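In terms of my numbering, the sequence shown is numbered consecutively and its last residue is 850. Some notes on the structure that comes next.
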Amino acid sequence: MATADEIRELMRTEGAAIAENTQGFNAGRYDSVGDLEDYEDLKRAARSIKEDAIAELPELLDQLTETVEANGGTVYIADDAADANEYIREVADERAADRVVKSKSMTSEEIEVNEALEADGVDVVETDLGEWVLQVADEAPSHIVAPAIHKSRESIATLFNERFDPDEPLETAEELTHFAREKLGEQIADAEVGITGANFIAADTGTMALVTSEGNARKTVAATDTHVAVAGVEKVIPTVADLHPFIELIGRSGTGQDITSYVSLLTPPVDTPVVDFTDDETPLSEFDSERDFHLVLIDNGRLEMRDDEQLRETLYCIRCSACSNSCANFQSVGGHAFGGETYSGGIATGWEAGIEGLDVAEEFNDLCTGCTRCVNACPVGIDIPWINTVVRDRINRDKDTPGEWLVDGLTPDEEDDGAPLQKRFFGNFETVAKLGSATAPVSNWLADTTLARQTMSRVLGIDPRRDLPTFERETLVDWAAARDSQVDDPERRAVLYPDLYTNHVQVERGKAAVKVLESLGVDVVVPPAPSSGRAPFSQGMVATATDHAERVTEALAPHIQDGRDVVVIEPSDHAMFTREYERLIDESAFADIAANSYEVFEYVFGLLDNGAAVDSLSTVEGAEIAYHSHCQQRTLGLEAHTVAVLEECGYDVVTSDVECCGMAGSFGYKSDYYELSMDVGDRLRTQLRDDGVQDRPVVASGTSCLEQIDALLERQPSHPIELLAT
């Protein structure tokens, strides 16, 4: 795992360049996909093609082998990296190659083919500009699509000037690019073997699609007489016609381009002439077109992933990097922290767990906070947070945890083994909250003593710079039980779900929600109920989260059967009910709770839209506020409801477009990630201090958002529901 010091150093040295580039790509994605009327249809089509392709993979591999061999090429299916490298070394040896040129390929990075060839004395040259920069610098890629995203123009100029000592110092981007093109052009012309990757390979024709931002892949193929294409077996799709949705989506999703600069469809061996670059007399038409083509398809754990119900979705990945660009943590640290041996970003956990093993995935898995911002960004709809959660659960169970015997049997969770003490603590926060409320205000005083803070820091890794939650003695459930309904002839009936923080900490927002619903003619009950399971879910404690989910649905089922709607204040809990529970409980129980659950402002919007009187709420005339929505609200498409209701109540609302506040529940409390959490939060602080916003009161929908904003700003935020209560 990257330490706090390593994360701090990466933020200092690489963070600015990574943030500028990833945020630029992400903004471009919003603009580009916004121009596609059939965007969601294309995503569904792409997902369907990948599902079918992975399901039929053995048959497609057989078909592709027959097709390529009929075209005059050779197919080799390698079991692992060593097997693939041995075959490629043999090809280079048979060709007596002194130099191999490569276009960008993450799969070749995965198998470390450069090192294997260089051990045989072969000069290997990366021809992608970013990859070449890293080869010169002897560094690893920090991004799936833009490998040198962490480097600034100034740092590349310094590198080139020191390494190559050009006649005139290189400074501008134009000078650097021109220098690289001339240098690489000479090396491409002098090479015997060209290695490329393949974004997609059609089984019916053997056609490869290379989607690139530079022309180097075409040169790598055309300038050499021996072409080796290296690809994972998951890159195979049934037909050339299936390329359409992927070509539409890959550039938009990754870099925000409507289409990438070069989309090359090759059915190798290509029949262009093999040019002798030392002969400038012979016409091109007189050179022969005898070419050798080798397609090296790599398993390296993929077929086992195909049989793994939880990791299979990883194989649908088209390596677009949308998950990285949309991830707030990645925007701060890049792939050198948020990545493994080869792959980086949200989807990297699945790749590294399947290819390298859990020990590699463990090194960065905790950097995924489960915010779900990547879910809608993924062009094939991979549930990346779920993959990260499953791998986290496996990591927990894969190791012996020192001191585990101290908590086994004492913590009310369903984990038989594994989860570290810090994760057990945060995963069982319901117990902490109950104890905190039962003993408040003494518990609050005690927790804030120097001795307690030092102990929590040393034993649990809770950063002492974070303010701790203040527990209320009277919970929301207690308050609701002591009062009568204020609605005699209700228009609707609802059960307000008492989430952990609303019930024990932010009780006032719960009271406000009850009063708002009652003023709109809703009869409200607030029954005792278990916590949603979000806390253990975030720690990779899937068994415990499942237990919570089952108990929650059991507690709410009678109310649903009685005709009550379920209203949820905390967006992350609403996301549990409508998203994550699908993975945890049986289909019918999930269908019931998902169909009958509403985020509180979604529900209020519906009431007003169906005739409830806005005058029943506390209204204003043009009061200015700033609003930050919760990550999961945005994923579920619910942000607009809050804004619409606030505006209907007379507020002038400015909304933030920051991807995430950085707190992400327990993540921001952990000492290892405190600086990263605050670095992410600084983007929100900047927006909330902008001209025209700095004097506005701030409201936010999520508990973690409220805590983070409270730490970032001098003015204390509140939940928007508190503005509406009369």
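Every residue, glycine too, gets a C-beta built ideally from N, C-alpha and C. Nothing here was measured: the structure is a model prediction, and the numbers come from that model.
Shown here, residue 813 sits in coil according to DSSP, grouped into three states, outside any helix or strand. Short of 8 Å from the beta carbon of residue 726, and not among the five residues preceding or following it, lie these beta carbons of its own chain, in chain order: 762, 765. From the listed residues 140, 842, 645, the smallest Cα separation to residue 825 is found for 842. For the pair residue 420 and residue 681, the CB atoms are not nearer than the 9 Å cut-off.
A residue is called buried once 16 or more other Cβ atoms fall within 10 Å of its Cβ, and residue 810, having fewer, is exposed. Straight-line measurement puts the Cα of residue 160 at about 24 Å from the Cα of residue 363. From the listed residues 721, 660, 298, the smallest Cα separation to residue 538 is found for 660. By the Cβ rule, the stretch 584-591 does not count as touching the stretch 617-625, because fewer than three pairs are nearer than 8 Å. For the pair residue 281 and residue 300, the CB atoms are nearer than the 9 Å cut-off.
Between the alpha carbons of residue 249 and residue 229 lies a gap of roughly 13 Å. When the beta-carbon positions are compared, residue 326 and residue 360 come within less than 9 Å of each other. Look at the beta carbons and you see the stretch 447-458 touching the stretch 133-153: at least three pairs across the two are nearer than 8 Å. Taking the CA atoms as reference points, residue 177 sits about 41 Å from residue 546. Spanning the alpha carbons of residue 484 and residue 211 requires a straight line of approximately 26 Å. Apart from the 5 residues on each side of it in sequence, residue 599 sits with its Cβ closer than 7 Å to the Cβ of 561, 627, 628, 631 in its chain, given in chain order. The beta carbon of residue 553 sits closer than 7 Å to those of 624, 659, all from its chain and outside the five residues before and after it, given in chain order. Counting only the Cα atoms, residue 374 lies some 13 Å from residue 154.
Here residue 287 is exposed. Its C-beta has fewer than 16 other C-beta atoms within 10 Å. Counting along the chain, the unbroken beta strand (DSSP E) around residue 418 starts and ends at 416-422. Contact between the stretch 799-809 and the stretch 777-785 is established, with three or more Cβ pairs separated by less than 8 Å. Boundaries of the beta strand (DSSP E) harbouring residue 226: 223-226, taken from the DSSP string. DSSP places residue 351 outside any alpha helix (DSSP H); the residue lies instead in the beta strand (DSSP E), whose first and last residues are 350-356.
For the options 265, 298, 268, 289, the alpha carbon positioned closest to that of residue 277 is the one of 298. Excluding its 5 nearest sequence neighbours in each direction, residue 604 has C-beta neighbours in its own chain below 6 Å: 650, listed in chain order.
Residue pairing by DSSP puts residue 749 in a beta bridge opposite 777. Shown here, residue 235 sits in a helix according to DSSP, grouped into three states. The Cβ atoms of residue 384 and residue 320 lie no closer than 9 Å to each other.
Among the bridge pairs identified by DSSP, residue 247 is matched with 223. Between residue 584 and residue 131, the gap from beta carbon to beta carbon reaches 9 Å or more. Counted as a single uninterrupted DSSP element, the alpha helix (DSSP H) harbouring residue 215 occupies residues 205-218. Of 181, 790, 366, the smallest CA-CA separation from residue 549 is found for 790. Here DSSP, grouped into helix, strand and coil, assigns residue 511 to helix.
Contact between the stretch 251-261 and the stretch 334-350 is present, with at least three C-beta pairs closer than 8 Å. When only Cα atoms are considered, residue 171 and residue 218 end up about 40 Å apart. Nearest in C-alpha terms to residue 497, of all of 775, 796, 410, 760, is 760.
Distance from the Cα of residue 353 is smallest, within the candidate group 333, 372, 820, 536, for 333.
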